[in-house]
Amino acid sequence: MNTHNVNVKTAAQEPSERYGLKGFVPVMADSLAQLISLREQRMPLEERAELLCGVLVGMAEQVCASVADWSQPRPLLPLAAVSAWVAAGEFVLANFGDLGEAAWDYAVRHLRVQLAAGYAMFTADVA
Numbered sequence: 024m025n026t027h028n029v030n031v032k033t034a035a036q037e038p039s040e041r042y043g044l045k046g047f048v049p050v051m052a053d054s055l056a057q058l059i060s061l062r063e064q065r066m067p068l069e070e071r072a073e074l075l076c077g078v079l080v081g082m083a084e085q086v087c088a089s090v091a092d093w094s095q096p097r098p099l100l101p102l103a104a105v106s107a108w109v110a111a112g113e114f115v116l117a118n119f120g121d122l123g124e125a126a127w128d129y130a131v132r133h134l135r136v137q138l139a140a141g142y143a144m145f146t147a148d149v150a
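Per this note's numbering: the sequence shown = residues 24 to 150.
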């Protein structure tokens, strides 16, 4: 390999730098980096599907954990959590084909259920 043509700044970049993951909450940035590594790793389809769903469900849990006030039927979410969630969806849908669509649909349903459950638990405690 001719080392004169290697750009040292880009050759050793972390996935978070390469894909612009700076500025996200560290836990969410780590999850996004895991999604990126899933795309780049070779593995059986079943394993990729399981890991993809696991990372997305974990991100959904982090979004729920970021809710500070459960008093609204639609809890207010921090911009950083929503931004990371949206970035994950865009990445998964763009890079994983049908597998990504199925995993994203599953994770979105999981998030909806968790947010509804959080609000229901809040209202049950208050009443």
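We treat Cβ as the ideally placed atom computed from N, Cα and C, and that holds for glycine.
Residue i beta carbon near the ligand NAD (any heavy atom closer than 6 Å)
i, result
"residue 75", "Absent from the structure shown: the ligand NAD. Ligands present: none."
As assigned by DSSP and simplified to three states, the class of residue i
i, result
"residue 97", "coil"
"residue 66", "coil"
"residue 90", "coil"
"residue 105", "helix"
"residue 119", "coil"
"residue 48", "coil"
8 Å contact criterion, which residue i and residue j should meet: CB distance rounded
i, j, result
"residue 51", "residue 104", "7 Å"
"residue 116", "residue 83", "Going by Cβ atoms, the distance from residue 116 to residue 83 rounds to 15 Å, so no, they are not a contact pair."
Beta-carbon gap between residue i and residue j smaller than 7 Å
i, j, result
"residue 129", "residue 76", "yes"
"residue 78", "residue 64", "no"
"residue 74", "residue 55", "no"
"residue 5", "residue 145", "The requested residue 5 does not occur in the structure, where the chain is confined to residues 24 to 150."
Classification of residue i by the beta-carbon crowding that lies within 10 angstroms, buried from 16 upward
i, result
"residue 123", "buried"
"residue 147", "exposed"
"residue 110", "buried"
"residue 132", "exposed"
- Task: Decide if the stretch 133 to 147 is in contact with the stretch 87 to 100; the criterion is three or more beta carbon pairs, one per stretch, under 8 Å apart.
- Result: Taking a cut-off of 8 Å on C-beta distances, the stretch 133 to 147 touches the stretch 87 to 100, as three or more cross pairs fall below it.
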